[in-house]
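A short worksheet on the structure shown next.
Protein chains in written order, with the numbering used here: chain A, 880 to 1194; chain B, 372 to 543.
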């Protein structure tokens, strides 16, 4: 009888199993390194984005506008927490590899920035539009950084908003991601429609009562900068950032009240200490309703009284 | 006395050979991985330092406009700093850690100079510098500004030449 066959000795089996184990581990480790490399790259983008937002901050300007060009499409994750003395702004990104999105990067935390946007803002043709407006209530508290990826149609905006958009777009000659239209029907499809003093859009703005209604929620604002911030941001982000801003307002008001006492001691009478201390107590807000009800009237009164001071202005 | 003779088969010898080869391969992989990781962390360190340096460079030019430093709005002075505010800010513990990745934040008078270096409640305003952050071991950058305050002697605003110095912390 012919007993021909393949001889499979123990050393062969051992070599195959050991070789396969080494090969699989090498492939696994390489894949992990590539993944962590992508996350590392996206984390640096998040850090660079936070740095790029420094030069666009305002000094004496009313507004600053900028477009950030990414090398590839990116998602910007906007996380806000109102916990702690100033709350925290967390920025993370995720870029596209082929047709797939990479994992969310490690977040960059900053305490002195306030980003208003959707929870996840996607770039439009690798572009991210950045608008920066100072928030003054009654003194400069912060710069509101509004970021969006375009695709907005403003229907019948009020004169201030229209002027602002024309200003940043050089009379609508530059693409700023916002269209102006007289009716909702003339807005491009898939655009987020924003109605001013009328209803029937995705976002409705009532300029009389200073309310922005979106996703079934009413966001109260005061002034042009907060109006834009409310239009472009997720309601939760807006409420959280407003709380953070008010926390900083409280800290600034403490410094201003100490300054008022100090300069009064040097013969510069101002009588603002009492009002500033009332303002400090009201800055611990729960939401935007609380802000417009308690902070706004006090801020206006403070502004009026400070303006009346000739050479002893506090802010 | 009995002597025990142990005889190894050919297969056992081959297994031993194979184990030695596998251990050698794993050691080689280990050395390559350590080499790779050290290069990667080296570049990561310099990348993080570059990011921190960028953050300080972009902030130092804008510091005069921040709400904690800016001078009275109605005076329209973009490079003016409210020295009273900065001095009062020094005693606020709540601002510890507010300026991230900044290991030095100092306001320094350039002219005129006084005898006292660091400002205290006794020496202010006749002193030369207010240090808000000083964590040591930094690379510093400066920006010239006007240091303004209400002067009780002349009963009006007085501005003097000064600078903001900001430093970033290197990665250890």
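No residue lacks a Cβ here, since even glycine has one placed at the ideal position from N, Cα and C.
| query | result |
| --- | --- |
| Distance, residue 422(B) Cα to residue 1121(A) Cα | 28 Å |
| Residue 964(A) at chain B interface by Cβ criterion, 9 Å | yes |
| For residue 1090(A) and residue 1166(A), the rounded distance between their alpha carbons | 13 Å |
| Beta-carbon proximity of residue 1206(A) to residue 465(B), cut-off 9 Å | Residue 1206(A) falls outside the range modelled here, since chain A spans only 880 to 1194, and no answer is possible. |
| Endpoints, alpha helix (DSSP H) assigned at residue 388(B) | 381-431 |
| Residue 542(B) vs residue 416(B) beta-carbon contact at 9 Å | yes |
| Buried versus exposed call for residue 994(A) [16 or more other C-beta atoms within 10 Å across all chains shown] | buried |
| Per DSSP, cross-strand counterpart(s) of residue 537(B) | 476(B), 512(B) |
| Residue environment, residue 998(A), which counts as buried when at least 16 other CB atoms sit within 10 Å | exposed |
| Residue 1094(A): first and last residue of the uninterrupted alpha helix (DSSP H) it sits in | Note, residue 1094(A): premise wrong, no alpha helix (DSSP H); not H, not E. |
| Chain-ordered neighbours of residue 463(B) on chain A, where CB pairs are closer than 8 Å | 1130, 1133, 1134 |
| Buried or exposed by the 16-neighbour rule on C-beta atoms within 10 Å, applied to residue 991(A) | buried |
| contact_flag[the region 952-972 of chain A, the region 903-919 of chain A] where n(CB pairs < 8 Å) is 3 or more | no |
| Neighbour flag for residue 518(B) against chain A, beta carbons, 9 Å | no |
| Three or more C-beta pairs below 8 Å linking the region 952-966 of chain A and the region 1053-1060 of chain A | no |
| Residues of the region 932-945 of chain A whose Cβ lies closer than 7 Å to any Cβ of chain B, in chain order | 933, 934, 936, 937, 938, 939 |
| Whole-angstrom C-beta distance between residue 1160(A) and residue 1139(A), which should lie under 8 Å | In fact, because the Cβ distance is near 16 Å, the residues do not count as touching under 8 Å. |
| Distance, residue 457(B) Cα to residue 522(B) Cα | 15 Å |
| Sheet register partners of residue 944(A) (DSSP bridge) | 1010(A) |
| Unbroken stretches of the alpha helix (DSSP H), 4 residues or longer, contained in the region 1022-1053 of chain A | 1038-1047 |
| Residue 892(A) versus residue 907(A) - alpha carbon distance | 22 Å |
| Residue from 451(B), 381(B), 395(B) with nearest C-alpha to residue 1195(A) | A query on residue 1195(A) cannot be resolved here, the shown segment of chain A reaching from 880 to 1194 and no further. |
| Any C-beta of chain A under 9 Å from that of residue 521(B) | yes |
| Proximity of residue 1100(A) and residue 1114(A) at Cβ, strictly below 9 Å | no |
| Residue span of the alpha helix (DSSP H) that contains residue 435(B), given as start and end | Careful: residue 435(B) lies outside any alpha helix (DSSP H) and carries neither H nor E. |
| Chain-ordered neighbours of residue 889(A) on chain B, where CB pairs are closer than 9 Å | 382, 385, 386 |
| Which of helix, strand or coil DSSP assigns to residue 1119(A) | helix |
| Contact between the region 399-414 of chain B and the region 516-530 of chain B (3+ Cβ pairs under 8 Å) | no |
| Near-chain B residues of the region 993-1027 of chain A - C-beta to any C-beta below 8 Å | 1015, 1018, 1019, 1020, 1021 |
| Sub-9 Å separation of residue 1031(A) and residue 1063(A) beta-carbons | no |
| Residue 858(A) to residue 400(B) span [Cα, whole Å] | This structure cannot speak to residue 858(A), because chain A is shown only from 880 to 1194. |
| is_contact[residue 530(B), chain A] using C-beta, thresh 9 Å | no |
| Where residue 489(B) meets chain A, residues with beta-carbon distance less than 7 Å | Here the premise fails: no neighbours, minimum Cβ distance about 18 Å. |
| Beta-carbon gap between residue 403(B) and residue 537(B) smaller than 9 Å | no |
| Beta carbon proximity, residue 1127(A) to chain B, threshold 9 Å | yes |
| Between the CA atoms of residue 389(B) and residue 894(A) - distance to the nearest angstrom | 7 Å |
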